[in-house]
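Notes follow once the structure below has been shown.
Chains as they are written, first to last, in the numbering used here: chain A, 47 to 280; chain B, 4 to 163.
So, in structure tokens, the structure goes:
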């Protein structure tokens with residue numbers, strides 16, 4: 047739709063589409079259907095060569111005389127399907143790094159050095175930041191979530207008044223996930239994305255906490271709350 | 004996206020039943036000059052914004068049709084993602100913003116002379132919209148005008 051809107055205003059557009067069937071119905075002017083999963087639109091992270099190939103194929107569509115143009119990028123590297131919380135292998139995996147009895151807050155503190163190592167190696171880049179709470183205060187987020195699950199009525203001073211508490215809970219979880227995933231990437235630089243998903247959901251206290259949170263919110267009669275649950279863990 | 008028949012039945016049905024607006028025609032603005040002489044903009048529906056900017060709001064009826072302005076000078080470390088969907092893997096974005104928002108790749112193409120110039124501002128919407136009325140009537144034309152005011156002639160669009 048964005049492509050159609052822009053083209054109607056006199057801009058020339060080209061782009062990538064993940065669901066070819068949708069482009070067939072909407073008929074944007076020029077689209078390259080790519081075989082990659084959501085979140086990996088240009089094929090693979092840290093693979094500039096592949097990303098440039100995909101971009102070149104999208105820009106090649108600009109030479110067409112008339113539309114709609116919908117072409118397929120040849121299938122190449124496709125990432126593993128993302129493992130959800132309910133699908134992870136829950137068999138304890140003692141890799142000597144994560145204690146099975148540790149609290150989420152202590153576990154998070156134990157990962158901090160790895161998280162900072164990751165961020166420092168990327169010129170400070172991190173996906174953490176939706177809550178606006180500095181990562182060194184994330185133990186406070188853990189307490190907030192635990193109190194929320196316990197049926198208390200917690201809040202955090204960083205929450206903007208126009209952000210409802212369930213939405214803020216979602217941002218908290220997104221920040222915690224980003225912290226954990228980035229720490230794990232520093233811990234296990236050769237690990238696959240599937241390995242990270244499995245580790246988070248099956249081996250960490252934080253993964254268990256997030257699953258408990260999702261279950262608590264799913265059981266809430268307020269539809270605005272259980273909708274958020276769907277976006278936290280499945 | 005891999006072929007729908009390779010996905011689980013639940014996901015396949017969800018994708019096929021998505022409320023897309025269907026059209027019989029296609030708007031068309033032909034290229035006025037080669038890409039190597041054109042000014043290129045980048046717009047994504049990946050739900051990105053500058054760190055500290057207002058996140059996209061999940062759970063608005065029909066989805067959030069607002070947009071965020073991202074100055075091209077913004078370093079990757081100051082761009083975050085607040086896309087509401089859990090149905091995609093964020094790991095790629097954690098590793099490399101270019102997997103969805105190819106800011107470095109476009110810079111390289113400009114240096115190589117394959118792109119004439121790049122817009123001063125990029126933009127992001129949030130996808131997974133069930134109601135695109137806001138895009139059609141408001142934020143689509145608004146961002147288009149912003150891009151034109153910036154001298155943009157060609158726009159690269161990327162999904163999540």
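Glycine is no exception: its CB is placed at the ideal position from the N, C-alpha and C atoms. A quick note: this is a predicted structure, and the numbers were derived from the prediction, not measured.
Nearest to residue 96 of chain A by alpha-carbon distance, out of A:75, A:121, A:112, A:110, is A:121.
At a cut-off of 8 angstroms between C-beta atoms, residue 85 of chain B counts as an interface residue with respect to chain A. Look at residue 194 of chain A: its C-beta is not under 8 angstroms from any C-beta on chain B. Contact check between the region 218–232 of chain A and the region 91–103 of chain B: three or more CB pairs, one atom from each, fall below 8 angstroms, which counts as touching. A Cβ-Cβ distance of about 4 angstroms is found for the pair residue 155 of chain B and residue 44 of chain B, placing them in contact under the 8 angstroms criterion.
Within the model, the alpha-carbon separation for residue 215 of chain A versus residue 191 of chain A is close to 7 angstroms. Within chain B, no C-beta atom comes less than 7 angstroms from the C-beta of residue 256 of chain A; the nearest is roughly 11 angstroms away. By a beta-carbon distance limit of 8 angstroms, residue 259 of chain A contacts residue 278 of chain A. Their separation comes to about 6 angstroms.
Leaving aside the five residues that flank residue 129 of chain B on each side, the residues in its chain whose CB is nearer than 6 angstroms to its CB run, in chain order, 50, 59, 67, 86. In the DSSP assignment, residue 126 of chain B forms a beta bridge with B:46, B:72. Considering only B:134, B:100, B:133, the residue with the shortest C-alpha distance to residue 172 of chain A is B:100. Comparing alpha-carbon positions, the option among A:249, A:206, A:263 lying closest to residue 226 of chain A turns out to be A:249.
Residue contact with chain A for residue 64 of chain B: absent (no Cβ-Cβ distance below 8 angstroms to any residue of chain A). Distances from the alpha-carbon of residue 104 of chain B to those of B:158, B:26, B:153, B:29 put B:158 closest.
In this structure, the CA atom of residue 108 of chain B is about 7 angstroms from the CA atom of residue 98 of chain A.
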